[in-house]
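Residue numbers (my numbering), protein chains in the order written: chain A, 1 to 356; chain B, 357 to 712; chain C, 713 to 1068. Beta carbons are placed, not taken as given, at the ideal position from N, Cα and C, and that holds for glycine.
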């Protein structure tokens, strides 16, 4: 059971006082077991309403406590006293997120190095960190307080991993990379493999050693099997608070700003800079050496080869059709030059006709 | 050497009696070493003909035994007795698949836990299961009969893996996921990493714990480095008999029906439901919260943001052209609005001309 | 400190005498610490000029030594004696690549099998090879001289890995695959997982065992989390000197020629043959059973379903636009058939008008 009062206090703390809760109708004294959808919740549940379309369910809901905005409360109860326990907050969805964090937190286990872990004697592991079986901590690496290194993780030479991080099983961090505090890196992610750099010579490719590394900021999350290449000379950088989904590729010397979110299967080619507070949808493909401004949005499956000055949202993918329609459309698009020529001819002929 | 009679019996058994074999010309008494292409097969080989275009090779083939449809037999030998050993079956390709399974089956080795495996004392491992070196079986996990857990595999807390599964090296299954019988999961696949769920708050992203898991049905195959995220509240589900290729991403709460095949590099965003018996080609990108009906087909590199009512096959990708043509085409497509406007103007002007 | 003379000699050696250096202005006697950009280099640095636009920086640069083409030297100093140490070479970029290789080379460590490695007694490991912790070398595998097998790598049964290879942590090579000399394989790559082969039967998928393997040529580099499937009957092949970036998928029986470069996130479906000296940009999607000639180029995010006879560069992706423009463009493209019809009608009506 989780007390609503405790949740409200903890949310205030985690949000650095930015998200407060007004408890009405006795909510302060109640406890709940978990969140449930507003339509199916019962007395031991807490529910939240973040979308206006759910307002209709407010009166009939069996939820023990409902979290909502003041405007939603007003629209249902007006000036009247609500006849049930409520929490009023300016962002019910963020309230839900933090409350669920509190509800699912597990106690921090004591520091631990599994006897099957392989820790180089020159590595520095904080006594409160946990290093699981078959993890490898190489020479000169440093592991911060309370950081969890799961089984099969490989931490390369000289890698710095700050405090309160969690590297899930089988993550690989190549030599020299730096991971900021509270980073979460999911299984199979590879941080710091060589960038794709070769000099063409006489029909062959001469490898250019990649002597930069990767710097991951604080509070970054990196999805499963995502790959972030080390820089050629300087570091590849992911700014603090940015969130990367699964199967993403960042090429060498890419720089991602702060609090940018990037959905799965997206690729960013070398040296491109993506600003802060951007949202990149899934399966986007972003060319190298571009600059994408802060607050930009890229649509799904969109190929960006340049950024239109002043654009906020860039998109572009072939709109799928039923197959036979697609095939006809594709043929016509391939010949769109002909179509344009015909229109020009028509214009000319009409011009001439009009003269006569 | 494999006896044709034994293969026929074993195919009947594996197909639950649905695929039978009529052995002609003494095929019943023959044995073969392996399959070979009809054109290059010799006496110790078995060959099969599934495509009409190969009929021409039937007479001349040196194969010891040929597997084919009755209609193909008729088209070559008509009413005459074939002058060579044949197997007549209604599906030579499936016959080939099952026969090859029999031919490549290895004897099941006895149960085994490698001394370098790390098995929690609260895990339940069937005595006939094989757990290889450096595999980690966490607390409360259960491993079914004859299941093979290869080296470096990480099985999280409370994971259930049914009988006759094969997890190839370095697979990761996060806590609480369930894997059905006879599942095959290839190396590097990550089952149950956190879904990509964050609440935006004051320009930052607040993590929403992902408390669902992943449920994989029976007879599912999952390709190398594929990632299937755990659900936010409910489970992400892959239905029985479905086959996923490599480097696929399934977002949280995706539900894939039964016997659906999905080719490599495809991404499916959160909460989308794909029906049973669907075929999704490679590099498709399917948006979230969609419903794709049973028996649907998605073309290669196709972005699906909605499903056209009644459509069976949806497709859409830019048809590649020689570069200079592409560049011209792309410019014209970007300005297709102008072209449409010009056509409207032409129509208007022609209308007016016609009036005079 | 690296002596310029030593670098020149080593480059000549590594290029088999194909890249020579003419040292002017006393360069032969100098030593440098590292490369630096021409604009910011100082006396202890070497800089290079490969692009004409950097010529302007030549005179003002503080670099101790500058590497450049004869034509660039002439354009700045003409017939005059250069007033600073220079290296003249026909390919400064390749010179840089090889010099950086020399500068970053680490001494080969002696042969070593980590006590936590798991090496089957029937495996043959060259005494000069290094096998790190938790690596698994299966029965019958062979590891060549000076090859480095990093921690957590899984080498399957009967795998052959030639000399001077480097397999980074957690690479998996399935049974029977062959890796040529000097190959570099980055973390998480999976070589030889089953190809995606199933026979449809009565609404289900019958697995076709994949009995081929993978053959990787000499001097190949394979990026992180790339997957190369084993062949169905014959091997999947990557020719010598080819370079594959991260998160690439090669289907069964794909054949890549020699010295072909393929950027990240590209997928190649089964049985396609890509020639030698090709360049495939990122996020391309290439259908199965195609033949792409030597020296071909595929643009980014391009879907290739057939290769235009005689084409050298094929491209095709939707050109991204600002969202509202994209939406209008997409609607019009979907209806381009209508537009074409209207143009035909206009042509007919104009024809008729002209007659009158």
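Can you confirm whether the stretch 45–59 of chain A touches the stretch 13–20 of chain A when touching is taken to mean that 3 or more C-beta pairs between the two stretches lie within less than 8 Å? no
Contact set between residue 133/A and chain B, taken where Cβ atoms lie within less than 7 Å: Under the 7 Å cutoff, chain B gives 474, 492.
Could you give the first and the last residue of the continuous alpha helix (DSSP H) run that contains residue 58/A? Unbroken run through residue 58/A: none, as it is neither H nor E.
Helix, strand or coil at residue 797/C [DSSP, three-state]: coil
Would you check if the distance between the CB atom of residue 562/B and the CB atom of residue 181/A is smaller than 7 Å? no
Contact set between residue 764/C and chain A, taken where Cβ atoms lie within less than 9 Å: Simply none; closest approach about 17 Å.
Per-residue contacts from residue 1021/C into chain A (C-beta, under 8 Å): For residue 1021/C, no chain A residue has a C-beta closer than 8 Å to its own C-beta; the minimum C-beta separation is roughly 15 Å.
With a cut-off of 7 Å, does the C-beta of residue 925/C fall near any C-beta of chain A? Cβ-Cβ to chain A under 7 Å: no for residue 925/C.
I think residue 264/A touches residue 248/A, with their Cβ atoms under 8 Å apart; what is that distance to the nearest whole Å? 7 Å
Specify, as a first and last residue, the run of the beta strand (DSSP E) that residue 236/A falls within. 236–238
Under 7 Å, do residue 84/A and residue 25/A count as touching if we go by C-beta distance? yes
Among the residues of its own chain, which have a CB less than 7 Å from the CB of residue 1039/C, if the five just before and after it don't count? none
Looking only at its own chain, which residues have a Cβ that is under 6 Å from the Cβ of residue 931/C, when we skip the five neighbours before and after it? 894, 952, 953
Taking the alpha carbon of residue 281/A as the point to measure from, which residue in 245/A, 307/A, 258/A, 311/A has its own alpha carbon closest? 245/A
Who are the neighbours of residue 682/B on chain C, taking C-beta pairs under 9 Å? 1011, 1014, 1025, 1026, 1027, 1028, 1029
In angstroms, rounded to a whole number, what distance separates the CA positions of residue 315/A and residue 257/A? 20 Å
Should residue 175/A and residue 197/A be called a contact, given that it needs their Cβ atoms to be closer than 7 Å? no
Can you find a C-beta in chain C that's less than 7 Å from the C-beta of residue 10/A? no
Cβ-based burial, residue 132/A [other Cβ within 10 Å; buried from 16]: buried
Residues of the stretch 441–474 of chain B whose Cβ lies closer than 9 Å to any Cβ of chain C, in chain order: 447, 449, 450, 451, 452, 453, 454, 456, 457, 459, 460, 461, 470, 472
Taking C-alpha atoms, which residue in 317/A, 319/A, 337/A lies nearest to residue 680/B? 337/A
Apart from the five residues just before and just after residue 171/A, which ones in its own chain have a Cβ nearer than 6 Å to its Cβ? 153, 185, 189
Through-space distance from residue 938/C to residue 452/B, alpha-carbon basis: 30 Å
Which of the three DSSP states, helix, strand or coil, is assigned to residue 159/A? coil
Against chain B, with Cβ distances strictly below 7 Å, would residue 165/A count as a contact? no
Roughly how many angstroms separate the alpha carbons of residue 1056/C and residue 690/B, rounded to a whole number? When rounded, the distance between both Cα atoms is 22 Å.
With residue 214/A as the anchor, note down where its alpha helix (DSSP H) starts and where it stops. Residue 214/A: not part of any alpha helix (DSSP H); member of the beta strand (DSSP E) spanning 214–216, first to last residue.
Could you work out which residue in 490/B, 464/B, 495/B, 472/B is closest to residue 302/B when comparing CA atoms only? As displayed, chain B neither begins before 357 nor continues past 712, which places residue 302/B out of reach and without an answer.
Evaluate contact between the stretch 846–855 of chain C and the stretch 823–831 of chain C, counting only Cβ atoms and requiring at least three cross-stretch pairs below 8 Å. Yes, they touch.
Local conformation of residue 562/B per DSSP, three classes: strand
Environment of residue 942/C [buried if 16+ CB atoms lie within 10 Å]: buried
What are the boundary residues of the beta strand (DSSP E) that residue 66/A is part of? 65–68
With respect to the alpha helix (DSSP H) encompassing residue 12/A, which residues constitute its N-terminal and C-terminal limits? Here the alpha helix (DSSP H) through residue 12/A covers 4–14.
My guess is that residue 291/A and residue 273/A are in contact by the Cβ rule of under 8 Å, so how many angstroms apart are they, rounded? 5 Å
Got a sec: which bits of the stretch 223–247 of chain A sit with their beta carbon under 7 Å from any beta carbon on chain B, in order along the chain? 223, 224, 225, 241, 243, 245, 246, 247
Taking only the alpha-carbon atoms, compute the straight-line gap between residue 732/C and residue 783/C and give it to the nearest angstrom. The alpha-carbon of residue 732/C is positioned some 15 Å away from that of residue 783/C.
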